[in-house]
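The structure appears right after this line, and notes come after that.
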Amino acid sequence: LLDDAGAFRSTIFDETSALAAAHGAINLGQGFPDEDGPRFMLDEAVSAIGSGQNQYTAAVGSPRLRAAVAAQQLETQGRELDPDSQVLITVGAAEGLTASLLSVVSPGDDVVVLEPYYDLYAAVVSFAGANLRPVPLRPPHFAPDPDELRAAFTERTTAVLINDPHNPTGTVLDAGTARLLAELVVEHRAVLITDEVYEHLRFKGDHASLVALNERSLIDHDLAERLDERTLVVSSASKTLRATGWRIGWVTGPAELVTGARAIKTYLTHSPAAPLQAAVAAGLENLHPWAEDLAAEQGERSRLVVDTLRGLGLTVADPSGSYYVVADFTPLYERLGVTDSIGLSPALIEKAGVALLPIRAFASAGHAEQFDGWMRVAACKQPATLVEGMRRLREAL
Ligand code: PMP
Ligand code: GLN
């Protein structure tokens with residue numbers, strides 16, 4: 007996160023995207039779609055701008071979008087939420103995560119995360135003056151060891167931050183880990199912050215979210231209810247509605263916890279863009295069959311990437327969700343003249359014309375080495391983009 011002078015540096019996403027653009031490379035690094043969300047949603051944004059929805063909404067977000075989020079979570083997770091006290095609209099999941107963490111964590115507290123993790127987690131934990139307690143998801147299966155998970159909890163653990171389906175590994179939480187996490191969070195009276203930005207991108211297995219009270223296969227009902235009392239769910243329109251640039255997200259949970267996140271959020275940005283809140287509400291109100299098609303399409307796109315990488319003789323972690331595919335590129339070091347996967351990213355941009363990201367950039371400095379070799383492919387691009395990217399990789403390698 008920090009440069010040699012101790013300042014926050016720019017993110018691996020921005021750095022790699024800039025290098026990819028400079029070389030005309032296909033950008034399978036930064037995870038964002040190269041196509042738009044549903045047409046009716048785009049039309050709603052234009053019409054909202056044209057019909058006077060251009061001033062601040064309430065800091066908690068527009069009533070219509072809060073109602074749409076509550077209805078969607080009732081349907082997909084069986085959680086009943088009061089749109090007035092249990093839903094907060096944020097500037098992307100990024101602000102939702104930031105406000106949630108800052109509202110529950112104090113300096114010196116411990117925050118448990120699964121590593122590799124989305125880089126914002128470490129930045130916000132550091133803003134809070136808290137300590138990151140990473141539990142490794144080791145290759146090639148990227149599932150946590152139950153003993154290591156248990157050992158990461160201390161008397162100072164106030165928050166646990168998970169992401170499911172997972173960026174960068176493409177895994178989804180298995181039932182055993184979900185149960186253990188639930189037990190540990192409840193036992194330690196911690197707050198679970200669950201980052202579900204890829205909630206609708208599940209294409210293998212039948213596990214729903216850890217907090218889906220209507221999904222009995224993960225944890226029993228009693229434990230699920232006790233967990234629900236201490237859980238903030240964070241999600242956004244970015245992946246579900248292909249609108250990463252709109253910066254609309256939300257936080258839901260018990261009123262007391264949402265009020266805490268709201269207090270911080272109000273002073274970060276007040277409220278997100280009003281016309282885009284209206285458009286995202288329309289997107290959520292008409293989520294079917296869009297969401298099902300999105301997941302099915304993503305399954306095919308990820309499969310295309312998996313097949314190509316396996317064809318190159320690489321070890322690939324079979325993805326079940328999110329829109330990433332990870333593979334071990336160590337066998338290619340010699341051919342590409344590199345000694346680690348940080349060097350591999352620019353080498354692939356220059357020699358293959360394709361940008362990928364090293365997983366080690368999603369780990370804390372002391373742990374990066376154990377993820378060396380593993381690269382992430384953002385398989386969320388249109389089939390034509392992916393086919394050309396995979397053709398370039400096959401040709402160069
Ligand atoms: N969490 C994860 C795991 C992500 O991959 C991302 C990036 N899209 C975010 C949060 C941030 O999402 P948003 O665009 O809604 O801020
Ligand atoms: N979430 C996206 C990724 O993991 C990009 C986010 C960003 O650029 N900060 O690639």
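Throughout the sequence shown, residue numbering follows full-length UniProt numbering, covering 7 to 403 in sequence. We treat Cβ as the ideally placed atom computed from N, Cα and C, and that holds for glycine. All values reported here derive from a predicted model rather than from experimental measurement.
Asked: C-alpha distance - VAL52 paired with GLY266, whole-angstrom precision; Found: 33 Å
Asked: Check: THR17 C-beta below 7 Å from any heavy atom of the ligand GLN; Found: yes
Asked: GLN59 beta carbon near the ligand GLN (any heavy atom closer than 7 Å); Found: no
Asked: Residues near GLU375 in its chain [Cβ-Cβ closer than 8 Å; skip 5 each side]; Found: ARG366
Asked: Beta-carbon proximity check, LEU399 vs VAL344, cutoff 8 Å; Found: no
Asked: DSSP bridge partner residues for ILE355 (one or two, in chain order); Found: According to DSSP, ILE355 bridges with nothing at all.
Asked: Integer-rounded CB distance, given that ILE270 should sit under 8 Å from residue 404; Found: Residue coverage of the chain in this structure runs from 7 to 403, which leaves residue 404 outside it and unanswerable.
Asked: Member of LEU274, THR160, VAL217 and PRO171 whose CA lies at the smallest distance from the CA of TYR329; Found: PRO171
Asked: GLY305 beta carbon less than 8 Å from that of LYS210; Found: yes
Asked: Bridge partners - ASP170, DSSP secondary structure assignment; Found: Partner(s): none; ASP170 has no beta bridge.
Asked: Boundaries of the alpha helix (DSSP H) in which ALA280 is found, first to last residue; Found: 280-291
Asked: Limits of the alpha helix (DSSP H) - the one that SER53 falls within; Found: 45-56
Asked: Residue interval of the alpha helix (DSSP H) (run including ILE18); Found: 18-28
Asked: For GLU121, the first and last residue of its enclosing beta strand (DSSP E); Found: 116-121
Asked: PHE38 Cβ short of 7 Å to the ligand GLN heavy atom set; Found: yes
Asked: SER329 CB to nearest heavy atom of the ligand PMP below 7 Å; Found: Note that residue 329 is Tyr in the sequence shown, not Ser. Outside the cutoff, so no.
Asked: ASN173 beta carbon near the ligand GLN (any heavy atom closer than 7 Å); Found: yes
Asked: Candidates GLN83, ALA74, PRO364 and ILE355, of which the one nearest HIS206 by Cα; Found: GLN83
Asked: Helix, strand or coil at SER370 [DSSP, three-state]; Found: coil
Asked: For TYR330, three-class secondary structure by DSSP; Found: strand
Asked: CB of ARG208 within 8 Å of CB of ALA333, strictly; Found: no
Asked: Proximal residues to LEU263 (C-beta, below 6 Å), its chain only, five neighbours per side dropped; Found: LEU238
Asked: Residue range of the unbroken beta strand (DSSP E) whose run includes GLY255; Found: 255-258
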